Every structure is written in structure tokens, then in C-alpha cells.
Amino acid sequence: MIISTITEAIGSTPLYRFDNQHYSMPKGSAIYAKLEYLNPGGSIKDRLGSYLIKEGFAQGKINEKTTIIEPTAGNTGIGIALAALTYKLRTVFVVPEKFSLEKQQLMKALGAKIIHSPSEQGIIGAISKSKKLAEEISNSYLPLQFENKDNPAAYYHTLGPEIFHEIKENIHSFVAGIGSGGTFAGTSTFLKEKYPDIRIIGVEPEGSVLNGGDPAPHEIEGIGVEFIPPFLSPLSINQIETISDVEGFNYTRQLAREQGLLVGSSSGAAFAAALREIRRLPPGHRVVTIFPDAADRYLSKNIYL
């Protein structure tokens, strides 16, 4: 494939098949993991970044002199910065101080300006600071992935159809992490239309609030929220799996050392939840999950030591 812009390389990522030769699961069953970390910016959020910029232009919210502002833990910022390069747009991202240094460096490498918000305020503090910046900076656009319907739409129109066309068999369960909720909502909505009986399983780290707990610190990045994302309310979610940092990190290491899959800890958490799901289903079932991002942006977290 010959391309002339980096965004043309986004999508069409491979599916990795796990069966009972790899892990203990019922006979004839399989887990399919979409390797989204193989997108050019290293994560699933490349899809969102490209979609938000295109839709911003289409809706008249962006012109060639617009500054893009966004609160992010990192991957959405990288995805937006990657897409913004095509149009030579300025980007400013608000990142809580505690988040991965590597992701912040990658955003800077793509020309973005990083502004920090206090760690203890989490992503809510980053959202608040971003809104203030949008008021202060003229001709700015704040996509705000946590509230923007283009977030789930990006995955409804891209990731969902890819999974459907690639597997070509009945999918019994979809298991995915929940951060902003866009990937989870958009993909599960599409798959539910194709497979009405599919089970929809969300994944969160300990310290997230989806299972009714109180917000608390956690080391798994990219999933977990201090509030219920609005995109989840229309969904028929069968179950929320809560994964500890220890379990998520253990599977992250295992995927690297046994399968050569250099993924981030949210992928380890997703795989842990997918194994729980496949083991409670009868033989011959298929579960699809998502591996959202790459290991190289979390090396400072010492996951592999």
C-alpha cells in the first residue's frame, strides 16, 4: 500500500486469535483480539483523532487557523495531533500530571503543547481546565471526547464494520475497556445490530465507578473513569468486569513474553476479562476484545521489571 498522508494508514488492523492451545478455555472456543496498537500513532485513538478533525471541518467548527484543545490521558492527544499535522493545525492538550511521560513526549514530538492539570483532580480537572482554555484562546475548538457524539460514531463507522467483515462467523460476546466510552459504545452498538444476542461486557480497573465503587487511584491507564460516560446510558450492558492492577499487569507481561504482543496494561485488563467471559460460556463460542495501545508508552511504569 502506498500512502501520501499518515492518516491513510489508520485502521484495517489484524485480529489475533487465541484458542485452547494458548490458554485454558472450552473446546472449540476462541478469543479474537483486535490489535489496535498497530495503528500508526500506536493506539485505537488514531481512529478518533482522524474522525474528529474531519468532522470538525465538515461541521464548520475548524478552519485552517483553528487551535485544537483537548483533555486527554495521552492517546487521544496523539491521535488528534497526528490528524492535525495533515492540516498544519496547532494543538494544545491538557494532561493530568500523573499520566505516562512517554505519551506526553509523543504528543510533543507531533508538535503539541502540553499543559498539566493536578493529578488529584483526575480527568475531571483536565476537562475543566480545557474548557477555560477554550474560552481564552480565540478560534479554538474543543472536541471534548467525553461528551462528543462523534466519539462513538468514529468506532461505529470503522471498528465495528471491520470486526464484522473479518470474522464472518457469529460473535457471542464483545469485551472491551471503558474510558471515555466511545470505543465501547460505538463498536458494541454496531455489533448488537448485526448479532442481537451478543453479550456486551465492559472492563474497568479497580478504582473506577462503573460497578458502583468510589473513585480511587489505579495504575492501569486508558480505561477507568471518575464519572459515568454519557455514551453508556442507551446500551444494554450485560456485565462490568473489574480488573486489579496486579491482574492486568500480569496478563500484559504474559502477552509479551508468550505471544510477542507488546501491548499496554489496558490490553492486559481486557484479555483478563475476555478469559473470564469465554470460560463461563459453552464450548464453541467466540469472544472479541480490543488491545487498544502499545507497551512502549508505559515503560516508565516498570510493568516489565
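So for the sequence shown, my numbering puts the first residue at 208; every next one is plus one.
Yeah, the Cβ is synthetic: ideal placement off N, Cα and C, and Gly gets one too.
No experiment lies behind these values; they were computed from the predicted model shown.
For residue i, count the other beta carbons within 10 Å of its own beta carbon; 16 or more makes it buried, fewer makes it exposed. Which is it?
i    : result
G491 : exposed
L366 : buried
M208 : exposed
V453 : exposed
Q311 : buried
P278 : buried
H425 : buried
K336 : buried
Is it the case that the Cβ atoms of residue i and residue j are separated by a distance below 8 Å?
i    : j    : result
I269 : Y348 : yes
N346 : T459 : no
S473 : I430 : yes
F371 : L398 : yes
F353 : I334 : yes
P499 : G384 : yes
L340 : V301 : yes
G218 : E400 : no
I444 : A476 : no
Per DSSP, which one or two residues make a beta bridge with residue i?
i    : result
G393 : Its beta-bridge partners do not exist; DSSP assigns none.
H323 : V302
D500 : S250
V410 : G384 and E448
I275 : T298 and Y348
So, for residue i: in the same chain, excluding its five sequence neighbours on each side, which residues have a beta-carbon less than 8 Å away from its beta-carbon?
i    : result
E448 : V382, I408, G409, V410, E411, A479, A480, R483 and E484
A463 : L469, V470, A502 and Y511
E592 : There is no way to answer for residue 592, as the model of the chain reaches only from 208 to 512.
Short of 6 Å in beta carbon distance, which residues of its chain neighbour residue i, apart from the five on each side in sequence? Order them along the chain.
i    : result
I331 : E433
I344 : T274
Could you name the residues of the same chain whose beta carbon sits closer than 7 Å to that of residue i, not counting the 5 residues immediately before and after it, in chain order?
i    : result
F306 : A280, G281 and E428
E216 : For the record, residue 216 in the displayed sequence is Ala; it is not Glu. Hits under 7 Å: I210 and P247.
T293 : T212 and T214
Check whether the region 478-498 and the region 416-427 are in contact - that is, three or more C-beta pairs closer than 8 Å. no
Taking contact to mean 3 or more Cβ pairs, one atom from each stretch, closer than 8 Å, check whether the region 386-393 and the region 357-375 are in contact. yes
With three or more beta-carbon pairs closer than 8 Å as the criterion, would you say the region 284-291 touches the region 257-266? Of all C-beta pairs linking the region 284-291 to the region 257-266, three or more are shorter than 8 Å, placing the two stretches in contact.
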